[in-house]
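>
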Amino acid sequence: MIEVEKKFILGKEDISRLVSGADFIGEKVMDDTYYDYGDLRMMKDDNYLRRRDGRYELKLTISETGGDGRDLDRYREIENSKEVRDWLGLGDGVMEEELDAVGIIPFAHYFTTRSKYRKEGFGIDVDTADFGFDIAEIELMVGTEDEVDDAKQRIYKFAEQNGLKISYIEGKLLEYMKRNNPGAYKEVKKAWVSL
Ligand code: V4E
């Protein structure tokens, strides 16, 4: 199955409208720390290393086109510890020490409360980040690549019917950086132009 998901910025009224009539599935708090080299070279290549609730995960670009052709909602996710270490070229020592030895350091940390719902066949995640930012992800599962475009259109239609605006969304990490480290944020955005 392929997960097709789109992000939407939320105001407080948007949340109540979106989840009205939805089935509540559950809620969890996620503790995310993002890591990179001091020059943010992984993020500049659209690759991400994070520790979520104590486990290290990679989110890697699957883009072949680069630049504006990138599909911002589709990444390869690696959660297997050995594969994470192999991709980073690390040994099998204590992870924090291995990272530190190659110059990979934490650069962003925040908690997110994620509430999961189902409505009319769509999966809805409502994320509330502790730095004051709400975002929704609407998801559909499809069986083949051929169904992806249609699923995106269905997500947009569902979002519109639920009063959400379709706009350019940067997500939690970029918003966090914009607020806490605007210089690094600008540098990353500049690097993406030439991807
Ligand atoms: C993929 C990505 C970033 C890493 C954070 O990913 P995100 O999906 O925002 O986190 P989250 O917590 O929702 O992860 P999940 O639980 O779904 O795994 S930071 C930026 N990107 C990609 C990206 C991009 N390349 N360009 C723009 C404009 N926005 C986002």
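Residue 1384 is where the sequence shown starts when you use my numbering, and the numbers rise one by one after that. For each residue, glycine too, the CB sits at the ideal point set by N, CA and C. As the structure is a prediction and not an experimental result, all values here were calculated from the model.
Classify leucine 1547 as helix, strand or coil using the three-state DSSP reduction.
One-based indexing of the sequence shown puts residue 1547 at position 164. Coil.
> Beta carbon of lysine 1555, beta carbon of alanine 1519: below 7 Å?
As a working mapping, residue 1555 is identified with position 172 in the sequence shown. As a working mapping, residue 1519 is identified with position 136 in the sequence shown. No, they are not a contact pair.
> Suppose you measure from the CA of proline 1565 to the CA of aspartate 1510; what does that come to, to the nearest Å?
By 1-based counting over the sequence shown, the position of residue 1565 is 182. By 1-based counting over the sequence shown, the position of residue 1510 is 127. Roughly 22 Å between the two C-alpha positions.
> Out of Met1426, Arg1438, Tyr1500 and Leu1401, state which residue places its alpha-carbon closest to the alpha-carbon of glutamate 1466.
Along the sequence shown, read from residue 1 onward, the residue named residue 1466 stands at position 83. Residue Arg1438 is the option with its Cα nearest to glutamate 1466.
> Thinking just about the alpha-carbon of each residue, which of Ile1552, Arg1434 and Ala1574 is nearest to the one in methionine 1413?
Here residue 1413 is taken as the residue at index 30 of the sequence shown, counted from 1. The candidate whose alpha carbon is nearest that of methionine 1413 is Arg1434.
> Count Cβ pairs between the region 1387 to 1395 and the region 1479 to 1499 that sit closer than 8 Å; are there 3 or more?
As far as the Cβ criterion goes, the region 1387 to 1395 does not touch the region 1479 to 1499, which means the pair count is below three.
> Excluding the five sequence neighbours on either side, which residues of its own chain have a C-beta within less than 6 Å of the C-beta of alanine 1506, listed in chain order?
For the purposes of this step, residue 1506 is identified with residue 123 of the sequence shown, where counting begins at 1. The sequence shown places glycine at residue 1506, rather than the alanine named in the question. Cβ within range, chain order: Glu1522.
> Mind the definition here: the region 1402 to 1418 touches the region 1471 to 1491 only if three or more C-beta pairs lie below 8 Å; say whether that holds.
Yes, the region 1402 to 1418 touches the region 1471 to 1491.
> So which of Asp1422, Asp1475 and Pro1489 has the shortest CA-CA distance to asparagine 1463?
Within the sequence shown, numbered from 1, the residue matching residue 1463 stands at position 80. It is Asp1475.
> The beta strand (DSSP E) that contains glycine 1506, what's its start and end?
The count along the sequence shown starts at 1 and reaches residue 1506 at position 123. From DSSP, the beta strand (DSSP E) with glycine 1506 extends over 1505 to 1512.
> Tell me whether methionine 1384 sits in a helix, a strand or coil according to DSSP, three-state version.
As a first step, residue 1384 is located in the sequence shown; it is residue number 1 there, counting from the start. Coil, per DSSP.
> Check whether the region 1397 to 1407 touches the region 1542 to 1552, counting contact only when three or more Cβ pairs, one atom from each stretch, lie closer than 8 Å.
Touching, yes, given that three or more Cβ pairs across the two stretches are closer than 8 Å.
> Measure the alpha-carbon distance for glutamate 1396 versus valine 1387 and round it to whole angstroms.
Along the sequence shown, read from residue 1 onward, the residue named residue 1396 stands at position 13. Along the sequence shown, read from residue 1 onward, the residue named residue 1387 stands at position 4. Using only the alpha carbons, I get a separation of about 25 Å.
> Is glycine 1404 a contact residue of the ligand V4E, with contact defined as CB to any heavy atom under 6 Å?
Taking the sequence shown and counting its residues from 1, one reaches residue 1404 at position 21. Glycine 1404: no, Cβ never under 6 Å from the ligand V4E.
> So does lysine 1502 have its beta carbon nearer than 6 Å to some heavy atom of the ligand V4E?
Position 119 of the sequence shown holds residue 1502. Checking the Cβ of lysine 1502 against the ligand V4E gives no.
> Look at the Cβ atom of alanine 1426, then the Cβ atom of valine 1576, and state whether they are nearer than 7 Å.
Taking the first residue of the sequence shown as position 1, residue 1426 is located at position 43. Taking the first residue of the sequence shown as position 1, residue 1576 is located at position 193. The residue you asked about is not alanine; residue 1426 is methionine in the sequence shown. Contact: no.
> Hey, quick one: how far does the alpha helix (DSSP H) through serine 1399 stretch, first residue to last?
The residue given as residue 1399 occupies position 16 in the sequence shown. Serine 1399 -> alpha helix (DSSP H) spans 1395 to 1402.
> So which of Ile1549, Lys1411, Glu1528 and Asp1508 has the shortest CA-CA distance to methionine 1384?
Indexing the sequence shown from 1 puts residue 1384 at position 1. For methionine 1384, the nearest C-alpha among the options comes from Glu1528.
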